[in-house]
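For the sequence shown, the residue numbers in the working numbering are 1313 to 1602. Just so it is clear, CB atoms sit at the ideal spot from N, CA and C, and this is done for glycine as well. As the structure is a computational prediction, the values presented were derived from the model and not from experiment.
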Amino acid sequence: MLPLEVRRLVYSELWRASGLRQHVRRCQGPAGSALWAHSPCLADPADSDPRYAAFTSLRSTPGSDALELRNWETRLKSNANLHWECDELAGDRHCGTSAFLPVLMTCKRLYMECAPLLYESLTFCFTDALLARDFLSGQPVDRVRSLEICIRAKPIILELYLDPPHGNASVAGLPVTADNNPWESLCRVLSTFTALRYLRIWFDSEDLRPWHRRVAETRVFARLFQVKATSFTLDLPDLPADPRMRGLPGCYLEGGNLDRAPFIVRRGPRPNNWMVHLSRVSALALAMDH
């Protein structure tokens, strides 16, 4: 038998061939049972988001392909966000034998050798807070090493963190509050992990209104101050350079509000949801006229 060091190198190459960045998904198994599945992540974390630029270019070009424009609109409204390409390619896939399972299921010895290395090697990618919470809450807190979470939050969740009259402390008829909602639940799970080396959280909102007027960052992301990771980046939308243009003074993650933060904040452009909405409304109105 090969020495353990050599066997570990072989396992690492097997993982690399299958893709070291994997999306975790739910799918329907036999007799309607729910199963975990995975698919390779195709997104490069270093790449910029091309969706809004492609959308605006098509919209401003006379005679552009209407179907292609609709496709980009759909991608902009998708909760897959930066992972829209992964989502499109995974849409037709069905649950099947995992690329990793043959090795893990060969024998107990291989499982004991491979499982820890698998956790050390893979970056688990998520585009849904509930799914991420459900999967991660069942994982060993001392094994998961690398996570990438890409969230496009619903306005009703973000409004929980706003003071009246702009927000609501709870959702009528539902047990959802600023302390009890999918995002908070995920943050609690993340705070239990003890061996995270890499964590990237990319965040945006579905709201048609500007981020800087609707998101109290210091409250929405307060629980992330309890999360520990060697490399921890929180990607947030740009803020207006002029503080007078902002709507929630003192509620942004900047300056003294970042004291003792375990993460760095990196800001960048986000799609203009209002313009995407207007484009879809205009297209529907035009279709009705014809």
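Sequence-distant residues of its chain with Cβ nearer than 7 Å to THR1506 (five each side left out)
VAL1453 and ASP1454
Mind the definition here: the region 1329-1339 touches the region 1364-1380 only if three or more C-beta pairs lie below 8 Å; say whether that holds.
no
Please report the distance separating the alpha-carbon of ASN1585 from that of ARG1572.
33 Å
Look up LEU1326 in the DSSP assignment and say whether it is helix, strand or coil.
helix
Taking VAL1577 and LEU1548 to be in contact with their CB atoms under 8 Å, please state how far apart those CB atoms are, rounded to whole angstroms.
6 Å
Under 8 Å by Cβ, that's how I've got LEU1474 and ALA1528 pegged, so tell me the actual separation to the nearest angstrom.
6 Å
So, helix, strand or coil for TYR1510, using DSSP?
strand
With DSSP as the reference, label GLN1334 as helix, strand or coil.
strand
What distance in whole Å lies between the Cβ atoms of LEU1459 and THR1435, which are believed to be in contact at a cut-off of 8 Å?
7 Å
Residue span of the alpha helix (DSSP H) that contains LEU1498, given as start and end
1494-1502
Can you name, in chain order, every residue of its own chain whose Cβ lies under 7 Å from the Cβ of ASP1440, other than the five neighbours on each side?
ASN1391
Pair every Cβ in the region 1378-1389 with every Cβ in the region 1492-1508, then say whether three or more of these pairs are closer than 8 Å.
no
Between the region 1519-1528 and the region 1546-1565, can you find at least three pairs of beta-carbon atoms closer than 8 Å?
yes
Strand pairing of LEU1459, partner residues [DSSP]:
PHE1436 and LEU1511
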